[in-house]
Structure formats: structure tokens, C-alpha cells
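Enquirer: Going down the list, the protein sequences come from chains A and B.
Residue numbers 39 to 584, in the numbering used here, belong to the letters of the first sequence in order.
Residue numbers 209 to 480, in the numbering used here, belong to the letters of the second sequence in order.
Before I ask anything, here is the structure I am working with.
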Amino acid sequence: MLRITGGKVYDPANNIDGVVKDICIDSGKIVASVSGGRTLDAAGMVVFPGGVDIHTHVAGAALNFARALTPENQRAAAKFMHTEHTRAGVGGPTPTTFATGYLYAGMGYTTVVEAAVPVLSAKHTHEELNDTPIIDKAACLLMANNEIVMDLLEAGDAERARHVVAWLIWAAKVYGVKAVNPGGVTAWKWGKDAKQLHEPVYGYSKVTPAQIVSSLARIVDDLGLPHPLHLHCNNLGAPGNIATTLETMKVLEGNRAHMAHLQFHAYGGDDWHTMRSEAAQLAEYFNKHKNLTCDAGAVLFGNAVTITADGPWQHLLYQLTGRKWGNLDVENETGCGIVPYTYKGSNLVNAVQWAVGLELLLLIDDPWRIFLTTDHPNGACFWRYPEIIHLLMHADVRKERVKKLPAKAQSRIVLGDIDREYSLYEIAIITSAGPARALGMKQKGHLGVGADADIAIFNKNPDGEQMFRYPRYVIKAGEIVVEEGDIKNTANGQAFVVKPAFDEKIEDFLKPVFQQQYTMSFENYPVETERVHGLKLCEPESGGST
Amino acid sequence: MITVRLKKQPTVPLEAESLTPDRLVGQSNAAIRAVPIYLGKRQCRLDEFFDVDGADSDQLEIHGDTGRVKWIGREMSRGTIKIHGNAGMHLGAYMRGGRIEAAGNAGDWLGAEMTGGLIRVAGNAGGQIGAAYRGSLAGMKGGAILVNGSAGLEVGMRMKRGIIAVAGPVRDFAGLQMKGGTIILGGGAEIRTGAWMFRGTIISLAPLQLLPTFEYAAAYMPTFLQLYAKHLRTLGVSLPVDSAAGVYLRHSGDHSVPGKGEIFVWQPASRG
Chain A
39 MLRITGGKVY
49 DPANNIDGVV
59 KDICIDSGKI
69 VASVSGGRTL
79 DAAGMVVFPG
89 GVDIHTHVAG
99 AALNFARALT
109 PENQRAAAKF
119 MHTEHTRAGV
129 GGPTPTTFAT
139 GYLYAGMGYT
149 TVVEAAVPVL
159 SAKHTHEELN
169 DTPIIDKAAC
179 LLMANNEIVM
189 DLLEAGDAER
199 ARHVVAWLIW
209 AAKVYGVKAV
219 NPGGVTAWKW
229 GKDAKQLHEP
239 VYGYSKVTPA
249 QIVSSLARIV
259 DDLGLPHPLH
269 LHCNNLGAPG
279 NIATTLETMK
289 VLEGNRAHMA
299 HLQFHAYGGD
309 DWHTMRSEAA
319 QLAEYFNKHK
329 NLTCDAGAVL
339 FGNAVTITAD
349 GPWQHLLYQL
359 TGRKWGNLDV
369 ENETGCGIVP
379 YTYKGSNLVN
389 AVQWAVGLEL
399 LLLIDDPWRI
409 FLTTDHPNGA
419 CFWRYPEIIH
429 LLMHADVRKE
439 RVKKLPAKAQ
449 SRIVLGDIDR
459 EYSLYEIAII
469 TSAGPARALG
479 MKQKGHLGVG
489 ADADIAIFNK
499 NPDGEQMFRY
509 PRYVIKAGEI
519 VVEEGDIKNT
529 ANGQAFVVKP
539 AFDEKIEDFL
549 KPVFQQQYTM
559 SFENYPVETE
569 RVHGLKLCEP
579 ESGGST
Chain B
209 MITVRLKKQP
219 TVPLEAESLT
229 PDRLVGQSNA
239 AIRAVPIYLG
249 KRQCRLDEFF
259 DVDGADSDQL
269 EIHGDTGRVK
279 WIGREMSRGT
289 IKIHGNAGMH
299 LGAYMRGGRI
309 EAAGNAGDWL
319 GAEMTGGLIR
329 VAGNAGGQIG
339 AAYRGSLAGM
349 KGGAILVNGS
359 AGLEVGMRMK
369 RGIIAVAGPV
379 RDFAGLQMKG
389 GTIILGGGAE
399 IRTGAWMFRG
409 TIISLAPLQL
419 LPTFEYAAAY
429 MPTFLQLYAK
439 HLRTLGVSLP
449 VDSAAGVYLR
459 HSGDHSVPGK
469 GEIFVWQPAS
479 RG
């Protein structure tokens, strides 16, 4: 039992904006009152619900490939030494599994979503998530280039496609569905991409990226998954991709969707020399369409490693940088590309990217629909979120930074004209309450009675970066896990998994297809429930039907 | 002056990155004896393996066969290290300043990713001298590595600035992916010299077997070499720059990258 007294509580889900009140905890949950137990004096401090990262890449085959590809980052990274409570590891752009848990918890984040898991490497992903301590985890399944699903859409068999998707979600033991460059990764296997939403995917005669997007969005809604389709649009990173992004949003009308790392999809111009921000145009459309949520995918200057299933984009980025390139082919499901990258303030394109992420966070007026991410480790490392929070809270700091950008870049952005400053209440929304709601996690992102007792307590500090980088206390499932910067407890968190309804007979269809096309046997394909430590089964919402 | 003398050979290589002037200056003899070194994963005191004389100095002398002692002079920025025997791998890695002299041989990764200072090896050196560690974009970015004997593979791999001069022969891939700086090969090299070089200069005083992606440009006496030779003389390295004695054959490449590097091969004037 634990009582937190005297702290200023920011709990947007319950409309509590900086009210001094007690928070009581018993058996890992927030309760109305407790008698006895420890009392934490939080007088003068700020109490937030634990952070929720809706889109990050922290485990699995692709991340591990990135770790192997960048030993130079590991050499330069912060070291975690073996202590009474912690295992050894390194931080940096692609932290090791244990360090990932310590770094997230050390920043007051208690729930994260690994945003890209192929079924084929789901086992690997779960093994790594098992070794990622403290935080609760969920994962999204890569689906928009799954050739079994695409073949069914080509044949017009949407009903069977729904059962296959549901079966695959349960086979991989994941929480949501992710679409990455729909059709583009499949086309990449022929050396092509899918740049036009309404043209058939290379190798298919009917199915188009738009059709994949709308079909998957409908399937996710029909299955009643708590989190809508998690979408990485076509033409990521390309100048002028605003047209594709807006068109994709139109295709999604009538369905829910979460637009991932929107920053990478909000560019105007015709080429790298004329590239400009179209954040204002995108925000205007987005503000009017309440079926959508998004995360920022903000960029910060410095070293990053780009990791995405978007293979063709990664090949282009490799050609642009002349640095290292890793490429993975994941049989019939997806692909993956890895390119280490350094964002530079002196570079026109990078300067525009930096501005676009912040512009979206400031121009999208409803903080309940845009969330703080960097698409870790693509735009920046997750442990740099406090730098972004500071920029969001201080217009004058932003304007000073804008003045340091190349003049050409300044003429391509609107960031310098934006005066909006985030309040602590709004920061609590974009880092916790908002993403928890978009994920459909009712027990997360708030401090009401019955919520999971995941709490971050900060010393109040006008320097937002200092304040949010070093929480005074972090509480996870009712236990104090971080106290004044030291990890005190590393109990493993939960893994959220959804079991949508499907017809068991779908295996009769899948098995022969599978045995003909995959390199592993059908029986070895699904992840066993025992393999997922802390598995927490989440029921699909009403509306899910077979 | 601080003098350390190896008492017994370690069963596995010792990792002794604390053997640098930066770490030992201002320390009492007792404190230096207690400086940590690693035998495998086990942390030991320096005096478990070394006799230690002297205190508080940035002049370090190392006696005994330290061919199995790694990381001597790591990240040093000042003072001198005199090694009377051999030195193990990674001697002077990440060095920023000061001077290292080894009377015997040095191992692989000599002066890897160094940014300043001088390393002089009287014997032979291993491979990857002045190179980039695996994954890094750039190798040495300044300073000089002078080897009197021979050297191994990938000499100056991805180096960006600075000088490497090897009096004897080196093995394959000298100047691999070189980005800048100068490599002087007194005794020539085996194959694939300058492969994938972007920029930088390789000077060989012995004939080289060049890759087909290097293009012959001209035979002449480059003006800059005469200036450069003056600087090299202060380091004790001599380059022939008398045009009566011969010319340099300039080859540009590596065109497979494509790069703007150059390889000069000395061609003595034929007698009579």
C-alpha cells in the first residue's frame, strides 16, 4: 500500500488539471483510500500518469540487425553497469533489451508499443520483450504486404481475409495491426515500389495500396480490436508526399485509423532542393477528421538509425547517404531496411524535417489525437523525448532554434510563426492519456480508481528537459521502480495480447498454402502462449463478430 | 618518471587501458599500484602483474615483454610512454596527444582512431594500424604513426587525416576506404592497395601492383611533396624529392567508388 500526498496531479482523462490531491495505491491498482503503508511526500512535485509510447521499435529481428550493424554506436553509448538491481547493457540509438526497460522507466514511461512485428519473427520479438524489464508491452503485426492476405484481396475474398488476419494476430500474440507502405514492400521484392495509391501493386492485377489500406482498416474495425489500424503511409520521406498522405486519409473515411510518424508524410516540393513543410495543410485536414489519431515521429538533430519495413525507401536513403545498408526479406510477409543516419541542422532537408514534427504537434489542435513519438530510433532516440517537451512548452526557445537554421530552410517552414505553448496538462495528454485512449487501454494513462498504478512524479522545473528527463519517482504496478534516478525494482511488466474471433476452420485453408510457400512448418509458426511472459489477454470490443 | 616492469606473463592478454600518463599523473606510488587492470573479466591491481617505481609523472616507462598487454596509452593526451619490449594490440588507440615509443613490435589496431600525438614503433606492427574500428565511419583523424619494420592488413583503413609511414612492406588493402591523410609505404605493399579510397594520398617507394580501377595520370615531381618531405624529415622519415633521382607516377582512383584519391609510385631514374 502506498499513498502519494501533496503532489499537483495532472490526470487529463479525469479532467484533473494541476489539483493537489492524494493518490492511493493497493495491489498494483489505484484505489479510493488506503490505511497504513508507506506515504510518499510529493509536496511541490508534479504527478503524471506513467508515459505511454504508442510507436517505437525496441525489440525483434530488425532491431537486432540494427544493433549488429552499428557497433560504433554501442561503443559511444551510455553504459549500464551490473548492479544489485540492474543487468549490464548499453544505451545509444538501439539500446539493449534490459537497458531499454531502464531507459523508458527512468524517463517515467511505463507502457510501450513495439510497432512492427512480422509473424515470422514474432517469437524473437517476444523473447526480447521478455527481457525488457519494468515496462508493459504490446506489439503491432505487419500486415499490409502479407501475400496470403493480398492474394485473398486480389480474389475479392474479404471474408476469408478477415479470418486470416484474426488468426495471424493470435498466432503472433500481438495487440494491433500495422500497415507499412501498403503493397510497396511486396513490390520491392521485384525491385519496385508502390507510389500510386490507386494503381495495382506490382505482381497483382487488381489489388491497390488504397484497397489494402481500406480493407485492413475495415477488418480491424470489424474484429473490434482496441487499437485501430496503425498505418505507415506510402511514399514515406519523399518530397511532395503530402498528396499521398491526404489521399490515404480520404480512403480511410468511415473507419478508424492511427497515422504513424506523420512527420515523415507531410512534405511538399518536387525534389530534395525544393522540399518544404506541408504541416499546416495536413493539420487542417486532420483537425476536421475525427476518425484519425496520429503520432508525431519528430526528428531531433544527431545520430539515429533508421529501421523500417519500408525496404525501397531504405535503399534510396542508402544511396543518398553512401553509408551502411541492411536489407531483410521476410518471406511472404514483409521486408526490412536499416540505414544509420545523422540529422544535421545545416542540412535543408533535415532542418525541414525537424520543423515539421514540431509544427504538427503545435498545429493539430486536439492533443487527444496527436502523440509524442520520434518513431524511435528513426527520427531520434526515445530517451530524447524531454528535449521535444521543452521545445513544445517554450515558443521563445523554438524561435531561437529556428533562427539558427539555414535561411533557405526558414523560408520552407512555419514553425517560427507559431506561438502556441503546451501546458503541463497537454503534455500529460500527448505522453500518456492520449496514446492510452488511442490504444484502447482503459487501465492506462489515467489516475482514476481502478487504473493500473503507473505513475511518474517530477520535480517542478521551468526547464522542461531537466524536469522530464529525471523523474523524482516512477511507480509501476504500485511498486516504486525509480527513485531519484536510481533503478530500485525491475519486476517484469505485462504483455498485452488480443484474441480476435476467427473461424477455427481457417487453418484448413492456411495450412496447405503455408506448407507450399513457407520455409518453416505450420505447426512451428504460431507463438505459444507460454513464450509470452506476463501475457495479459485483452478482449476485443463489442462489434467483433465472426 | 614512473617505471613499471612486467613480473609474470598473464595467462590471457591483460587489458591495461589505465597505463596512460593521463591516468597516472598526480598519483602516489601506492595509488598507481592499485590502478585497475583486467585479466579477462577479472579486475586486478596493477601490482599483481607489474613492479611499480616512481610516482606523479606524465613520463611512463614500461619494461618486460608486454606483447600480451593491450590498450596501453588508450586515449592519452599528454606525456610520453616508452616501451622497452613489445606492445600488445590497440597501443595508442583513440590517442589525442603526447608520444609513444616502442622498441619492439606492436600488435594490431596500433593508433586506431587516434586524433593526435606521435607513435613510433622500432619493430614491426600488426594490421589495421590507424584504422577505423569495425563500424566506425573514420579511422585516425590526426597525428602520426611511424613504423620501422613491416605492417599487416588494412593499414590506414578509413583514415581521414594524419600520417602513417611504414618503412618495411605492408600486406593487403593498405588505405582501404581511405578518406584523407597520407600513407607512406617505404617497402611497398601486397595487393589491393587503396581499394575504395575516396580521397587521400598513398606514396610508395617500391613498385605496386595496382587495381584496374586506378588510372595512370602522369609522371612528375609534385611540388607539394617537396614541402611535405621537409615536414617528414623532422619526424625522421625521408622521401626522395630530387627530380634528378627519379619521378613519381601518379594514379588516381579508386574509380569503382568513385574516388578522388591518389597513389604515387616512386620510379628512380634509370642509370646511364
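Note that the Cβ used here is the ideal one computed from N, Cα and C, for glycine as well.
Because the structure is a prediction, the values reported are computed rather than measured.
(1) What are the residues of the segment 332-362 of chain B that lie near chain A, defined by any Cβ-Cβ distance shorter than 9 Å?
(2) Anything in chain B within Cβ reach of A/GLU122, meaning under 9 Å, just list it in chain order.
(3) Only counting the same chain, and skipping five residues up and downstream in sequence, which positions put a Cβ closer than 6 Å to that of A/TYR502?
(4) In whole angstroms, give me the CA-to-CA distance for A/ASP524 and B/GLU321.
(5) Does DSSP classify A/THR584 as helix, strand or coil?
(6) Keeping to the same chain, check which residues put their C-beta closer than 8 Å to that of B/ARG366; ignore five residues upstream and five downstream.
(7) Which one of A/VAL394, A/GLY360, A/ALA210 and A/ASN184 has the shortest CA to CA distance from A/GLY222?
(8) To the nearest whole angstrom, what separates the beta carbons of A/ASP333 and A/ILE408, a pair I think is in contact under 8 Å?
(9) From which residue to which residue does the beta strand (DSSP E) around B/HIS439 run?
(10) Taking just the CA atoms, how far does A/PRO415 sit from A/GLU577?
(11) Please check the pair B/GLY402 and B/SER358, which I expect to be a contact at CB under 8 Å, by giving their CB distance rounded to whole angstroms.
(12) Can B/GLY287 and B/LEU318 be called in contact, C-beta distance under 8 Å?
(13) In chain order, what are the residue ranges of uninterrupted alpha helix (DSSP H) at least 4 long that sit wholly in the segment 136-221 of chain A?
(14) Could you tell me the boundaries of the beta strand (DSSP E) in which B/GLN251 lies?
(15) Counting along the chain, where does the beta strand (DSSP E) carrying A/THR43 start and finish?
(16) Please report the straight-line C-alpha distance between A/ASN365 and A/LEU101, rounded to a whole angstrom.
(17) Am I right that A/HIS484 and A/ASN168 are in contact with their C-beta atoms under 8 Å? What's the rounded C-beta distance?
(18) Does DSSP classify B/SER265 as helix, strand or coil?
(19) Taking the CB atoms as reference points, tell me whether A/ASN325 and A/ILE402 lie closer together than 8 Å.
(20) Taking any Cβ of chain B, which residues in the segment 131-154 of chain A have a Cβ under 8 Å from it, in chain order?
(21) Would you say A/THR359 faces chain B, with C-beta separation under 8 Å as the test?
(22) Helix, strand or coil, according to DSSP, for A/VAL519 in the structure here?
(23) Flag A/ARG198 as yes if its beta-carbon sits less than 8 Å from any beta-carbon of chain E, otherwise no.
(24) At a CB-CB cut-off below 7 Å, which residues of chain B make contact with A/THR108?
(25) Within this structure, are the beta carbons of B/ILE291 and B/ALA310 separated by less than 8 Å?
(26) Starting from B/SER460, trace the beta strand (DSSP E) in both directions and tell me its first and last residue.
(27) Any idea what DSSP makes of A/ALA533, helix, strand or coil?
(28) Among the residues of its own chain, which have a CB less than 6 Å from the CB of A/GLY375, if the five just before and after it don't count?
(29) Could you tell me whether the Cβ atoms of B/GLN235 and B/ASP259 are closer together than 8 Å?
(30) Buried or exposed for A/SER71, going by 16 or more other Cβ atoms inside 10 Å?
(31) Rounded to whole angstroms, what is the Cα-Cα separation between A/HIS236 and A/VAL215?
(32) For a minimum of 4 consecutive residues, which ranges assigned as the alpha helix (DSSP H) are wholly contained in the segment 288-327 of chain A?
(33) Could you confirm whether any beta carbon from chain B is found closer than 8 Å to the beta carbon of A/ARG113?
(34) Is the beta carbon of A/GLU152 less than 8 Å from the beta carbon of A/ALA97?
(35) Just tell me which of A/ARG41, A/VAL57 and A/ILE280 has its CA closest to the CA of A/TYR48.
(36) Indicate whether at least one CB of chain A lies closer than 8 Å to the CB of B/PRO476.
Expert: Reading off the structure:
(1) Of all residues in the segment 332-362 of chain B, ALA340, TYR341, ARG342, GLY343, SER344 and LEU345 have a Cβ within less than 9 Å of some Cβ in chain A.
(2) For A/GLU122, there are no C-beta contacts with chain B under 9 Å, since the nearest C-beta of that chain is about 18 Å from it.
(3) Checking the sequence shown, residue 502 of chain A turns out to be Gly, not Tyr. Answer for A/GLY502: ILE427, HIS428 and MET431, listed in chain order.
(4) Cα to Cα, A/ASP524 sits roughly 34 Å from B/GLU321.
(5) Only weak support exists for where A/THR584 lies, its pLDDT of 42 falling under 50; the coordinates are left without a value.
(6) Hits under 8 Å: ALA339, ALA340, SER344, LEU345, ALA346, GLY347, LEU384, GLN385, MET386 and LYS387.
(7) For the residues A/VAL394, A/GLY360, A/ALA210 and A/ASN184, the minimum Cα distance to A/GLY222 belongs to A/ASN184.
(8) About 7 Å separates the two Cβ atoms, so the contact holds.
(9) Taken as a continuous stretch (DSSP letters only), B/HIS439 belongs to no beta strand (DSSP E), being part of the alpha helix (DSSP H) at 431-442.
(10) Spanning the two alpha carbons is a distance of roughly 31 Å.
(11) Not quite, the Cβ-Cβ distance comes to about 18 Å (not below 8 Å), so this is no contact.
(12) Contact: no.
(13) At a cut-off of 4 residues, the continuous stretches assigned as alpha helix (DSSP H) that sit fully inside the segment 136-221 of chain A are 160-168, 185-192 and 196-210.
(14) Counting along the chain, the beta strand (DSSP E) containing B/GLN251 begins and ends at 250-253.
(15) Looking at the DSSP string, the run of the beta strand (DSSP E) that includes A/THR43 is 40-43.
(16) Answer to the nearest angstrom: the Cα atoms are 12 Å apart.
(17) About 27 Å separates the beta carbon of A/HIS484 from that of A/ASN168, a gap too long to meet the 8 Å contact definition.
(18) B/SER265 sits in coil when the DSSP states are folded into three classes, being neither helix nor strand.
(19) A contact, by the Cβ cut-off of 8 Å.
(20) For the segment 131-154 of chain A, there are no residues whose beta carbon sits under 8 Å from a beta carbon of chain B.
(21) So no, A/THR359 is outside the interface.
(22) Of the three classes helix, strand and coil, the one that applies to A/VAL519 here is strand, per DSSP.
(23) Looking at the structure shown, chain E is missing, and the protein chains on hand are A and B.
(24) In chain order: GLY343.
(25) Yes, the Cβ-Cβ distance between B/ILE291 and B/ALA310 is below 8 Å.
(26) Where B/SER460 is concerned, the enclosing beta strand (DSSP E) starts and stops at 454-461.
(27) When DSSP states are grouped into helix, strand and coil, A/ALA533 belongs to the strand group.
(28) Around A/GLY375: GLY349, GLN352 and ASN365.
(29) A distance of 8 Å or more separates the beta carbons of B/GLN235 and B/ASP259.
(30) Under this definition A/SER71 is an exposed residue.
(31) Whole-angstrom Cα-Cα distance: 22 Å.
(32) Runs found: 317-326.
(33) With respect to chain B, the C-beta atom of A/ARG113 has a partner C-beta closer than 8 Å.
(34) Result yes, Cβ atoms of A/GLU152 and A/ALA97 sit closer than 8 Å.
(35) Comparing Cα positions, the closest option is A/VAL57.
(36) The beta carbon of B/PRO476 sits no closer than 8 Å to any beta carbon of chain A.
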